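Heads up: the structure comes next, in structure tokens.
Chains as they are written, first to last, in our numbering: chain A, 1 to 322; chain B, 1 to 89.
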């Protein structure tokens with residue numbers, strides 16, 4: 001399998017304050033204590049429920065994660081004497097803890113808030129249920145910690161398939177994109193495509209927030225696709241299902257003629273089906289990409305035309321099997 | 001050959017559309033691949049849109065990377081263009 005080596009960025013940590021800011025619409029965190037610690041870094045997309053740590057077991061304490069306090073933890077703390085609770089919390093704070101998050105609008109003990117205030121450990125609270133808080137925080141954090149890069153290419157949605165079109169400058173990526181947009185497909189980004197890998201194996205293309213859906217077309221200049229073709233012809237994010245590499249027609253090169261061999265390329269660690277299309281005057285690349293996208297969908301639905309034809313021919317040549 | 005050099009944006013308005021087009025015109029004359037690096041992003045210098053996303057203002061230091069057989073000539077041409085302030089004040 002080919003690997004597309006790209007320099008990429010991946011955040012090592014993000015401050016608690018950023019989580020509060022970015023999750024304002026979703027979880028609307030209220031800060032109950034530890035304001036001075038809002039710049040504390042979170043290093044992991046995972047969440048820890050510190051029940052065992054609160055009961056005194058600190059081996060393998062996942063201290064670098066957000067510590068979620070639900071009904072169980074809050075009510076367990078109430079069973080401890082103030083001295084015992086203080087001691088357990090002090091033990092926990094011998095490790096760096098980024099923040100506590102409370103769900104269900106739970107009311108923590110004042111002595112818990114006191115010690116968090118003294119230690120500068122932020123305590124955040126949401127009104128949502130525990131499982132909602134966990135799943136939303138993990139989803140958001142894994143997005144923040146995902147590797148990302150920008151790539152020179154074009155991303156479109158073609159018949160529902162996210163296509164990433166790559167190729168040397170001047171090979172006709174933007175012109176092909178324009179024709180696909182004219183034919184009713186949707187532009188994600190042209191020239192500057194933001195790529196993100198989520199959940200180990202999913203590659204997403206995003207619009208650059210500065211240029212949005214503008215394109216440069218040689219001979220015309222800069223155009224705004226959203227203004228010209230309408231909102232139906234653009235989208236901001238799309239998962240990539242197919243990578244298309246355009247290249248100058250090379251009579252020496254071997255191109256796939258049967259489609260029996262499926263090629264893949266690895267981008268940011270995600271494995272993406274890959275096709276190479278030779279470009280030559282008179283070849284309508286947009287239509288070829290449309291057909292490639294449809295064929296990709298057909299394969300995903302379980303129909304591999306090349307394979308079926310081959311099986312059929314083998315069957316005719318050798319009736320009833322051997 | 002791979003060359004890397006730091007260059008400063010000296011014109012008052014920074015890298016807006018016209019300077020970006022001037023960079024692209026200059027770079028397209030060469031076979032080398034040219035990328036510009038700034039604040040964690042890396043863009044192809046043969047793309048106007050890419051250059052615009054850098055939002056490089058006057059005084060910004062950009063890293064130019066040229067890779068290819070004519071990288072020396074390409075680097076010299078880009079350097080001269082930056083030094084001229086893209087023909088602006």
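Beta carbons: idealized from backbone N, C-alpha and C, even for Gly. Please read all numbers here as calculations on a predicted model, not as lab measurements.
- Three or more Cβ pairs drawn from the region 115 to 128 of chain A and the region 19 to 34 of chain A lie within less than 8 Å of each other, which places the two stretches in contact.
- Looking at the DSSP output, residue 41 of chain A bridges to A:15.
- Taking C-beta atoms as the reference points, residue 1 of chain B and residue 190 of chain A fail to come closer than 9 Å.
- In the same chain as residue 211 of chain A, and ignoring 5 residues on each side of it, the C-beta atoms closer than 7 Å to its own belong to 192, in chain order.
- At a cut-off of 9 Å, the C-beta of residue 68 of chain B has no neighbouring C-beta in chain A.
- Per DSSP, residue 201 of chain A lies in no beta strand (DSSP E) and is assigned neither H nor E.
- Distance between residue 138 of chain A and residue 7 of chain A, taken at the CA atoms: about 25 Å.
- No Cβ of chain A is located within less than 9 Å of the beta carbon of residue 63 of chain B.
- Shown here, residue 35 of chain A sits in a helix according to DSSP, grouped into three states.
- Spanning the alpha carbons of residue 203 of chain A and residue 239 of chain A requires a straight line of approximately 6 Å.
- Residue 14 of chain A and residue 69 of chain A have their alpha carbons spaced roughly 21 Å apart.
- For the pair residue 310 of chain A and residue 260 of chain A, the CB atoms are nearer than the 9 Å cut-off.
- If you draw a straight line from the Cα of residue 108 of chain A to the Cα of residue 124 of chain A, it comes to about 11 Å.
- Within chain B, no residue has its CB atom less than 7 Å from the CB of residue 3 of chain A, the nearest being about 18 Å off.
- In the displayed model, residue 168 of chain A falls within coil according to three-state DSSP, outside both helix and strand.
- In the three-state reduction of the DSSP assignment, residue 127 of chain A falls in the coil class, being assigned neither a helical nor a strand state.
- Contact with chain B is found for residue 211 of chain A, since one of that chain's Cβ atoms lies less than 9 Å from the residue's Cβ.
- By the criterion of a C-beta distance shorter than 8 Å, residue 39 of chain A is surrounded in its chain by 15, 16, 17, once the five residues flanking it on both sides are discounted.
- Excluding the 5 residues flanking it on each side, residue 198 of chain A has same chain C-beta neighbours closer than 7 Å at 142, 143, 146, 204, in chain order.
- The beta carbon of residue 10 of chain A sits closer than 6 Å to the beta carbons of 147 from its chain, once the five residues preceding and following it are set aside; these are given in chain order.
- Between the alpha carbons of residue 156 of chain A and residue 188 of chain A lies a gap of roughly 5 Å.
- One thing to note: residue 160 of chain A has its Cβ within 9 Å of the Cβ of residue 293 of chain A.
- Membership of residue 256 of chain A in any alpha helix (DSSP H) is not indicated, and neither H nor E is assigned to it by DSSP.
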